[in-house]
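One structure is given below, encoded as structure tokens.
Residue numbers (the numbering used here): 2 to 112.
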């Protein structure tokens, strides 16, 4: 049925996101059991900076990703997870692959 097809597609996207995000150093991934988003622990990047922009917390990191590479995430604090950001995988595989490449590019700029 249509519902089963959608469920299978989101399962595949979840696995794709786990695989892609696992390739980024210092991000810890937990495997989502439902929904269509993933919460990576990004606390390793707190205290890092790019030029004069310092990443103090999850909110700073979310804004950094949006401003530097155009990837929108949600600060985990909205869900009681202060060391995390939320990334939706309700998009095409190509869009997900491109977004994670951009996230990795932005995080690699931080030191």
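C-beta atoms are modelled at their ideal positions from N, C-alpha and C, and glycine is treated no differently. Model, not experiment: these values are computed from the prediction.
**Request:** Give the DSSP bridge partners of residue 76, in chain order.
**Result:** Here the question's residue 76 lines up with position 75 in the chain shown. Answer is 86.
**Message:** Taking 6 angstroms as the limit between beta carbons, can you name the residues of its chain near residue 39, skipping five residues before and five after?
**Reply:** The residue given as residue 39 occupies position 38 in the chain shown. Taken in chain order, the residues that qualify are 18, 33, 88.
**Request:** Taking all protein chains shown into account, decide if residue 63 is buried (16 or more other Cβ within 10 angstroms of its Cβ) or exposed.
**Result:** The residue labelled residue 63 in the question sits at position 62 within the chain shown. By the neighbour-count definition (other C-beta atoms within 10 Å, threshold 16), residue 63 is a buried residue.
**Message:** Less than 7 angstroms between C-beta atoms, sequence neighbours within five positions excluded: which residues of the same chain meet that for residue 85?
**Reply:** Numbered from its first residue, the chain shown carries residue 85 at position 84. Contacts found: 40, 41, 42, 43, 59, 77.
**Item:** Local Cβ density within 10 Å of residue 91, reported as buried at 16 or more and exposed below that
**Value:** Residue numbering aside, residue 91 sits at position 90 when the chain shown is read from its first letter. Taking all protein chains in view, the Cβ of residue 91 is surrounded by fewer than 16 other Cβ atoms within 10 Å, so the residue is classified as exposed.
**Prompt:** Does the distance from the C-beta atom of residue 70 to that of residue 106 stay below 8 angstroms?
**Reply:** Against the chain shown, residue 70 aligns to sequence position 69. Against the chain shown, residue 106 aligns to sequence position 105. Yes.
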